[in-house]
Structures are given as structure tokens and as C-alpha cells.
Amino acid sequence: MTPTVAAFWAPKAGSTAEEWEDAFCCDPGQGRFSVADGASESSFAAAWARLLAEGFVARPPDGPIQREWLRPLQEDWARGAEGRPLPWYAEEKARSGAFSSLLGVCLNTAARRWRAVAVGDSCLFVVRAGKLLSSFPLGRSVEFHNRPALLSSAGANVWSAVREEEGTFAPGDVLWLMTDALAAWFLAEAELRRRPWAVLQRVPTQKDFEKFLEMMRAGRAMRNDDVTLVRIEVAP
Amino acid sequence: MAYEAEVSRSNPSAFLFLIDTSGSMLDPFAGNGKRKAEGVSDAINQLLSNLSIKCSKSEGIRDYYEVGVISYGKDVKPAFGGRLAGKALAPISEVANNPAKLLERTKKVDDGAGGLAEQKVKLPVWFEARAAGKTPMCEALRLATQTLAPWAEAHPFSCPPVVVNITDGESTDGDPTADAEHLTDLTTQDGNVLLFNCHISTTKGQPILFPDTDEGLPDQYARMLYGMSSRLPDTIRESAQREGFKVSEGTRGFGFNADLVELIRFLDIGTRPSNMR
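These protein sequences, in sequence, are chains G and A.
Following this note's numbering, the numbering of the first sequence begins with 14 at its first residue and continues without gaps.
Following this note's numbering, the numbering of the second sequence begins with 154 at its first residue and continues without gaps.
Take a look at the structure:
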């Protein structure tokens, strides 16, 4: 059965919607989902994040992410960055490539199994019956820091940074995909035996999500960053 | 909590470089034929280029920083040329878009297939080497204070400015300690202005970077510059640590006997954006 999916996103406070550099892509029918977080230090990062997120859903790799899977996406990125005259600094910046995390999740509904691939600190959480069952690729809130391994659109990639995981899901489970600032809060709350999923479950619309973020940032409960959330509810 | 403010377009930070352009800067670096004046101008141009690239985004430059260069030698003045002439501080977008010259060099890079490919790179130049006159360091510090006092007042929520003073010699207009104190007394709500000093030298010897004591410094003058230098805030100290420097809570932004390579490392760590949003 096709799961029920909702997705929310927002740029960091002080930035415009056009400056949001995360991406997500969902194909509930095929059971494919992704989020990606373009590194704000790089340029053309939003385009790279979008290529990765859409690339995963259109054509998920059979195993871990490898050079051959990534290459056509890198070529697409280079074509997008080329072709317009750039000032010297933008030319130099583009040369060093864009960087992004990627988390991709495939659901096998018949077998009730999920498979996830990740580079970086965007996270998948599986919640069953009010308990956090799986946390991937990071398991603890202290593991979030400023320099996660990321996928590069131009330079050399660290293939050992690619992580894979599999698990099961059951009717009524909720799978959450989120980028790092929200994921760090989520895990920290879970470690305090609170129920962050219950809080997020009460955020029905994009507008409510923005209000929720505003409150969290004002209270310094969450780092000011681009945020993306995908909620996948398996029918009970 | 200090030095934790986000660096953003609404709350930019600032870097101000004070560059000794006295006559003795014509002397070569220790162990290197390059004149100190040229080495320093190359390093500053490289640094401004790196900062411009760092702040460059798909849509253009984001003004995370204001940047200035003050030279002191024959006279004490803002050192930018061309359209930036006379400006003690300018937003990084204005700096990036107005180098005095834009040179093109070819460099060999890894072609990804085990060979080398030629790549054209742009080398912007803002600051040309010069060296004449004495070393009016006190006056330079006072001009820095005059420049940054209104800036700090206008940017109360910003991460405080970092001033980097690069010199090869003794101040010729008196003991600079009091003027340095006036400069580092300036504050935003996030902390005091930081002053880092880099002493570059003609004599050979092991460079000392980011020390936490003045023991081992050979003369009274080096100790004075050490004493004027700010302690590293946590973010910069962590950067220095990641780069392999032995640091402690007392570590100061001071370099002694730095050669060109060490000067560039010193500038890179001292100006590393920690918290750009």
C-alpha cells in the first residue's frame, strides 16, 4: 500500500526562499524518498542538492553510491554552472565544486523492508509505537558537527564515507527524513526521553512548520540553518 | 559568551590589516630570496582573493565581511588603490569587484587521469608591494581605532572585527602598547576587537606561531608585540588546533620569525570564517 507522505522546508532565518539550499524528492508509488543538504560554503549548491535528490529517486543505486552512479549527475551540474560569463571569484568558486549531503530511502512494501544510503548528516528516523527504532546514519546528537563528509560535484569523493543500512517497517510506523539542524534537535530530544516525533506530528501544514521553526530558533533550541523534513506514514 | 555571533549579511564582521611598509621591508625573508614587502603583498592579495571566493555564491558575493588594509611607512593611510582608493573599510563585494589589476596565470593541475592539465587561474591584485620610510606603528593603530570605533557602534550584534598587524621591526613612534589597548577596548556585544600580530623576520630560526608564553622570545620588542596580542577565542583556537598547533587557553594571536609560508598559515587561521550564515 502506498504510504502517506508530507514534506516541509524552510530557508535559514534571514535568507529568502530562493536561497534555500536543501532539496527533497518523493515518489510514494515507487517507495523512493530523498533529502539533500547543499553546503552553504559552496556555490551552485542548491542545484547540486537538487540533482542528487532527484537523481536518487529517479535511479536509486543498487548498492552504495559509487563513482559511476555519481558521474552523470556531476556532468549535469557542470553543464548548469557553465555557459554563462562569471566574474573571476565565481569562476574560481565553481571550479572547486559544490558539496551536499544525500540521504536516500527505498521502501519495499511487499517485504516491509527499507534500505537507506547516506553521505553526510541528513538523517532517517524510524518511529514505531512511540519509540525511536532506528536512527541512521547518525545515532547520537553529539555526532553533528560543522564538517560532515559530503558529496562533491567536481572534486574527489571519499567513498568510504558512504553509509548503508537496512531495516523493517510495520503498519503504523512513521519514517522521518530530515536535514541536520532538525535532526540534531530530534536526537537530542529523544536522548532526553522526550518525544520529538509527537511534536512534529502536530505540524500539519507548511505554515505551521515555519511557525514551529521560528519558535525553535528564537528559543535557541535549533541551529539557524536551512531545514527540510519528509514524513512517511505507513498505513495502519 | 563571546565570539559566537553568526556572521551574516545583516550582522557582518570585519577584517582590518595593518601592514608595515617601512624601508626595511625591502630585505629578504629568512631562507628565501623574496623581499618581505613582496611576500606580504602576495599574502594579502591571496587572502583577499580567498575571502572573496568564500563569500561568493551562485547569485554573487554575499557581504559577510567588510575588509580594509592600512599601510604604515612613509605615511599611514588606507592602502587600497583604484576605485577603492581612500576607503579604510569596504564591503567584500566591492573589494572583490574592484581589484586594481586582474592577472592571469597558468597552473598545472591533476587531470584526474594520472596526468597534468593546464588551467588558467585569475590572480587579482589589490595591494602592491612598497617599502620606504620609518615604522609609525602607534599612528597605524590609532587609525585602526578611528576606523573601527564607528563600525563597532554601527554593528552592535556583529562578531567583533579582527585586526592583523604585520611588521618586521620596531615601532619608531613610541611604545604601541597603549594604542593597542585602545583598539582592543572597542567592543560589540559579542566581544572585544581582536588584535593579532605577526612579526616577520630576516634572521633564520624556528618560527613561533600561536604561543601561550613570551618565554623563548628573543628580545623585549617581540615580548611587547606578544603582550599586545589578543588571546584566541575558542573558534579560532579550535581551528589552530585542527591545523596541528599546540594551543592552550592562554594562546595568543602572535607569530614570531614567520616566513612566508607561516605568514599565510597565520592569516588563514586568523581569518577563518567560523559561523557564516
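Yeah, the Cβ is synthetic: ideal placement off N, Cα and C, and Gly gets one too.
Legend: CB atoms of the stretch 300-317 of chain A lying less than 9 Å from CB atoms of chain G are not found in any residue.
Per DSSP, the beta-bridge partners of Cys119(G) are Arg45(G) and Arg128(G). Boundaries of the beta strand (DSSP E) harbouring Leu348(A): Leu347 to Ile353, taken from the DSSP string. With respect to chain A, the C-beta atom of Trp101(G) has a partner C-beta closer than 9 Å. Non-local beta-carbon contacts of Pro73(G) in its own chain, meaning distances under 7 Å to residues more than five positions away in sequence, involve Arg45, Gly117 and Cys119 in chain order. Excluding sequence positions up to five before and after Ala129(G), its CB lies within less than 6 Å of the CB of Val118, Leu137, Phe149 and Glu178, all in the same chain and listed in chain order. The beta-carbon of Glu105(G) is placed less than 9 Å from the nearest beta-carbon of chain A.
Inter-residue distance for Met229(G) and Ser135(G) is about 19 Å (C-alpha atoms, whole angstroms).
Between Asn345(A) and Pro313(A) a beta carbon distance of about 6 Å is seen, short of the 8 Å cut, so the two are scored as contacting. Collapsing the DSSP output to three states places Thr288(A) in coil. Interface residue (Cβ-Cβ distance to chain G less than 9 Å): Val274(A) is classified as such. Between Ser202(A) and Lys254(A), the alpha-carbon positions lie close to 12 Å from each other. In the same chain as Pro364(A), and ignoring 5 residues on each side of it, the C-beta atoms closer than 8 Å to its own belong to Leu370, Tyr379, Thr404, Arg405, Phe407 and Phe409, in chain order.
For Ser56(G), the neighbours in chain A by C-beta distance under 7 Å run, in chain order, Ser209, Lys210 and Ser211.
Rounded to whole angstroms, Thr29(G) and Lys287(A) show a C-alpha spacing of 50 Å. Per DSSP, the unbroken beta strand (DSSP E) holding Arg244(G) starts and ends at Val240 to Glu246. Three or more Cβ pairs closer than 8 Å define a contact, and the stretch 185-195 of chain G meets that threshold against the stretch 226-246 of chain G.
For the stretch 386-405 of chain A, the beta-carbon criterion of a distance under 8 Å to any beta-carbon of chain G is satisfied by none of its residues. Distance from the CA atom of Pro184(G) to the CA atom of Phe21(G), rounded to whole angstroms, is 23 Å. Counting only Cβ-Cβ distances below 9 Å, Ile353(A) has no contacts in chain G at all, with the closest Cβ about 27 Å away. Within the stretch 295-340 of chain A, the complete alpha helix (DSSP H) segments of 4 residues or longer fall at 330-338, listed in chain order. Note on geometry: alpha-carbon atoms of Gln43(G) and Leu188(G) lie some 15 Å from one another. Excluding its 5 nearest sequence neighbours in each direction, Asn164(A) has C-beta neighbours in its own chain below 8 Å: Ala158, His308, Phe310, Ser311 and Cys312, listed in chain order. Taking 9 Å as the CB threshold, Ser109(G) lines the interface with chain A.
In the three-state DSSP reduction, Tyr218(A) falls in the strand class (E or B). The C-beta of Arg84(G) has fewer than 16 other C-beta atoms within 10 Å across all chains shown, which makes the residue exposed. Counting C-beta atoms within 10 angstroms of its own C-beta, Asp221(G) has fewer than 16 neighbours from the protein chains shown and is therefore classed as exposed. Counting along the chain, the unbroken beta strand (DSSP E) around Met191(G) starts and ends at Val187 to Met191. Contact of Pro277(A) with chain G by beta-carbon distance below 7 Å involves Trp101.
Around the beta-carbon of Gly27(G), fewer than 16 other beta-carbon atoms lie within 10 Å, marking it exposed. No residue range can be given for Ser166(G), since it is assigned to no alpha helix (DSSP H) and is classified by DSSP as neither H nor E.
Proximity of the stretch 168-180 of chain A to the stretch 222-240 of chain A meets the contact definition, three or more beta-carbon pairs being nearer than 8 Å. In the DSSP assignment, Asn164(A) falls outside any alpha helix (DSSP H), carrying neither H nor E.
In chain order, Phe182 and Leu413 place their CB closer than 6 Å to the CB of Gly192(A), counting only its own chain and leaving out the 5 sequence neighbours on each side. Listed along the chain, the chain G residues whose CB falls inside 8 Å of the CB of Leu255(A) are Trp101. Boundaries of the beta strand (DSSP E) around Val140(G): Cys136 to Arg141.
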